[in-house]
Structures are given as C-alpha cells and as structure tokens.
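A.B. asks:
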Ligand code: NCD
Ligand code: ZN
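Here it is as structure tokens:
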C-alpha cells in the first residue's frame, strides 16, 4: 500500500499516514514503515467539490471545454465538478446527454457528474441530478405552471434538482447599460418569489431541491433546513458598486446586489450558515464582455474559489470547519459523492497546502480572465485524484480522461 504522510486536518491538525488502495483511503495511522511520501510543514486537506460549473461542452468550446475547465479546477484544488446542461444543444434528451458523455469522458481531468435538463426521456440517463431555470434565459426554462409536475417527476428518480430560482414573470426584459440597471431589471423580488414558489409547492411533494446561487441572507433564512442551497464567492465579495475593467465582467445572473445585501450575505457566510459554496463558473470571452448591453451573463470562478478561501482561512477570516462543510462535506452529502473527507473508505482526493506560499489569482480558464485577478490567494501545491497526483508543485501533470463520471 502507498502512504501519504504529513500534517493533516482530521478534526484537528495532526501527523498521519494515509494509506491508499484502489484510489480509496484504506487506512489512517500515525506512522508507517512502508514506502511513503512525507510532507513537512504543509497541511493535507480533502480536495474540494464544485457542484455548479458550466464547462461549455458541447457548443461553447471556444470559451471553455471539458479539458481546460477540469484542468483549471484541478489546479485550484477541485477534484470533482458537477456540470450544467445549458449547452448547445441543451441537454434535454437522452441522445443529447449520451453525446455529451462521449465528448467529455476523454477530456475530464477530474471526476465529474453531469446534470440533465428536464424533459420526459431524460429520466433514464445517468445524470447526477437535474437542473431547471425559472428564468427564460435558455431552453431549460420551466414555466411556473409546470413546477409541480417537474418536482413530482424528479422526486420519483430520487435524484436532486438544482434550481436557478429567478422568476421570469418578475424579470423586466429590457436593455441595460450597467450593473445597477441589470440589478434592477432582475431585482431581489425575482429571487425571493422563485424560492417561495418552489418551497410552497414542494412542501407536500418533498423532492430533493438545491437552490443555486442564493444572493440574499433573507432567502437563506427562508430556505432554512427545507432545502439545500449554495452561494457563490462573487456574490460574497462583489456588489454592483464594485469596479471591473469592463463593467460587464460583473454582469451575472442572479445579478450582483447592493453593498448592503452583500454585507448581509457575507455575515451569514462567516457564521457558517451557507451550506454549499459553488462557483457557478460561467466563462465568456473578454471580447464578449466589452459591450454591456450585448454581453452574456456569467463569470469564471472554479479556478479561484478555493484558493481565495484558503487565503481567508490563513488570515483567520473563516473557520476550517466552515470551509470544509461548504466545499467538501455538504456537497458530498447532498449529491451522494464518496468524497470530501479524510476518512477510511472515501476516495483519496487530497490537496496539500503550503500556507506560507501566498500568491495572487491568475486566470486558469480558457476564457483567459478572472474577476478575481490579482486577489491574494493560496493555491494547493499538490493535488491527488483518487490517490494519483494530478498537480505537482503547482504544475498540472494529469491528463484528460483521468476523471471518472459519477452517476
Ligand atoms: C450562466 C451561464 O453563462 O451559463 N450565467 C450566469 O450568469 N450565471 C447561466 C446561469 O447559471 O444562469
Ligand atoms: Zn444559474
């Protein structure tokens, strides 16, 4: 058996040797005589899981493809991504799903699950869960009168349903020139209304619901323990008053809110009351972001979220337990992934962090930019995917095809 030894966080920081067999953690002991990799001052942590990425394959490969997206994830310490179905074509049939699997399986550098949109014949596919939009931003849109049927059908599969909960009837479909106008056209009420509607319909159905990218503390409170939800780092760190190179770099859905709403969300994040942190990695080219009105919504993030969190952790701005809950334990638990903890039986997905190696965010995505560029961060030094090293001394050494699909 191969061992990785060093100081690891297992509820506290202690020296351990992690024995790995068939990609899984087989044993955790204090010392070992067997062949082992010994780390010094670094800390070994479970690698992160990102339950919300848009790797753009098929149809948007010029912005990102499954190789570049999953490589960026790996370098940022994320060894498992769940990829959204708003592709071209949208993943709304079993044929589209299976075609996508064929394309991405040779390219994935980390483990992945694929969401499917909801139409009749997708109930057969090997998706990790379903995704729907209450906003008519793309073909995966669900009309309000269909929410009930959708929840009932998804409930039968036993799989989770991730919901983009901005309510279309509330969105003002008009041209906007800046972040303030974009934020007003898709106001707070649209998110509140969407979440309330789903919660009340689902009360008697009990489908397994995850609300994506919650931007408001009051929405988080409304959801309480009734469903899972995620928030993004961009809604925690940026507001519509933030300044970007091009204003549309901050154009995203749901919109960046006002500074006060951002502060309120940040407060519950610090307090450990956000179950899941998801990047909503939505890469678009800088070229497409120059003109605000025509710019598509979305910004990259899978390549920056964990490195920035690790820096916050180093500065004592968040607790280790809070971080692990948000990016490891809760995502694993809700989506049923055998990852997210240094425990016997779990996949040996590990990151090794040198907390003295402060760095700054560089874009790792094919789209070539990051709204976080230049921010202080700590990248993982080494990353292991099921026991295999895929990042060595900050350098990606994995290959497309190493990632396995999780169903
Ligand atoms: C996402 C995208 O670009 O695919 N954009 C975004 O602003 N978040 C779609 C989505 O999640 O709404
Ligand atoms: Zn969304």
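Numbering (this note's numbering), first residue to last: 1 to 407.
The C-beta atom is built at its ideal place from N, Cα and C for all residues, glycine as well.
In this text, all values refer to a predicted model and were calculated from it rather than measured experimentally.
1. Rounded to the nearest angstrom, what separates residue 341 and residue 176 at their Cα positions?
2. Who sits around the ligand ZN, taking every residue whose Cβ is closer than 7 Å to one of its heavy atoms?
3. At the level of alpha carbons, what is the spacing between residue 184 and residue 248?
4. Specify, as a first and last residue, the run of the alpha helix (DSSP H) that residue 70 falls within.
5. Please classify residue 260 as buried or exposed, where buried requires at least 16 other C-beta atoms within 10 Å of its C-beta.
6. For residue 251 and residue 282, I'd like the C-alpha separation in whole angstroms.
7. So who's on the other strand from residue 36, going by DSSP bridges?
8. Would you check if the region 358-369 and the region 37-52 touch, i.e. whether three or more CB-CB distances between them fall below 8 Å?
9. Could you tell me if residue 321 is buried or exposed, where buried requires 16 or more neighbouring beta carbons within 10 angstroms of its beta carbon?
10. Locate the beta strand (DSSP E) running through residue 409, then write down its first and last residues.
11. Hey, residue 93 and residue 56: beta-carbon distance below 8 Å or not?
12. For residue 319, I'd like the list of residues in its chain whose CB is within less than 6 Å of its CB, leaving aside the five on either flank, ordered along the chain.
13. Tell me which residues share the same chain as residue 309 and place their Cβ nearer than 6 Å to its Cβ, disregarding the 5 neighbours each side in the sequence.
14. For residue 377, collect the residues of the same chain with a Cβ closer than 6 Å to its Cβ; drop the 5 residues on either side in sequence, then sort them by chain order.
15. Note down the Cα distance separating residue 180 from residue 296, rounded to an integer number of angstroms.
16. DSSP three-state label for residue 9, please.
17. Which two residues bound the contiguous beta strand (DSSP E) that contains residue 413?
18. Taking the C-alpha atoms as reference points, what is the distance between residue 11 and residue 325?
19. Leaving out five residues on either side along the sequence, give the residues of the same chain with a beta carbon under 8 Å from the beta carbon of residue 25.
20. Return the chain-ordered ranges of every alpha helix (DSSP H) run that is complete within the region 89-128 and spans a minimum of 4 residues.
21. For residue 83, count neighbouring Cβ atoms within 10 angstroms of its own Cβ and tell me buried if that reaches 16, exposed if not.
22. If contacts are defined as beta-carbon pairs under 8 Å, then residue 167 and residue 216 qualify, I think. What distance do you get, rounded to the angstrom?
23. Using the Cα positions of residue 124 and residue 275, report the straight-line distance between them to the nearest angstrom.
24. Give the secondary structure of residue 309 by DSSP, where H, G and I count as helix, E and B as strand, and everything else as coil.
25. Is it buried or exposed for residue 22, if we count other Cβ within 10 angstroms and need 16 for buried?
26. Give the single residue among 405, 305, 372 and 290 whose Cα lies nearest to the Cα of residue 47.
27. Could you check the C-alpha separation between residue 197 and residue 280 for me, to the nearest Å?
28. Among all the DSSP beta bridges, which residues are the ones paired with residue 16?
29. Residue 194 by DSSP, collapsed to three states: which one?
30. Quick check for students: name the residue ranges of the beta strand (DSSP E) that lie wholly in the region 159-235, counting only runs of 3 or more.
31. Would the C-beta of residue 282 count as close to the ligand NCD, meaning under 7 Å from any of its heavy atoms?
32. For residue 182, which option in 390, 172 and 350 has the closest C-alpha, if you only look at C-alpha atoms?
33. From residue 68 to residue 263, what does the alpha carbon distance come to, in whole angstroms?
34. So, is residue 393 buried or exposed, given that buried needs 16 or more other C-beta atoms within 10 angstroms?
C.D. replies: Quick look at the numbers:
1. 44 Å
2. 133, 164, 212, 213, 253 and 280
3. 15 Å
4. 66-75
5. exposed
6. So the two alpha carbons sit approximately 11 Å from each other.
7. Answer is 3, bridged to residue 36.
8. Touching, no.
9. exposed
10. For the chain, the structure presents residues 1 to 407; residue 409 sits outside this window and is missing.
11. Annotated as distal: residue 93 and residue 56, with beta-carbon spacing of 8 Å or more.
12. The answer is none, since no qualifying residue turns up.
13. 323
14. Cβ neighbours of residue 377 beyond the five flanking positions: 307, 308, 311, 359 and 361.
15. 16 Å
16. strand
17. Only positions 1 to 407 of the chain appear in this structure, which leaves residue 413 out of reach.
18. 12 Å
19. 18, 19, 342, 343, 344, 345, 346, 347 and 348
20. Counting only runs of 4 or more, we get 94-105.
21. buried
22. About 14 Å separates the two Cβ atoms, so there is no contact after all.
23. 29 Å
24. helix
25. It counts as exposed.
26. Its Cα nearest to that of residue 47, the residue 305 stands out among 405, 305, 372 and 290.
27. 23 Å
28. 6
29. helix
30. 161-164, 209-211 and 228-231
31. yes
32. Each of 390, 172 and 350 was checked against the Cα of residue 182, and the nearest Cα belongs to 172.
33. 33 Å
34. Residue 393 counts as exposed, since fewer than 16 other beta carbons sit within 10 angstroms of its beta carbon.
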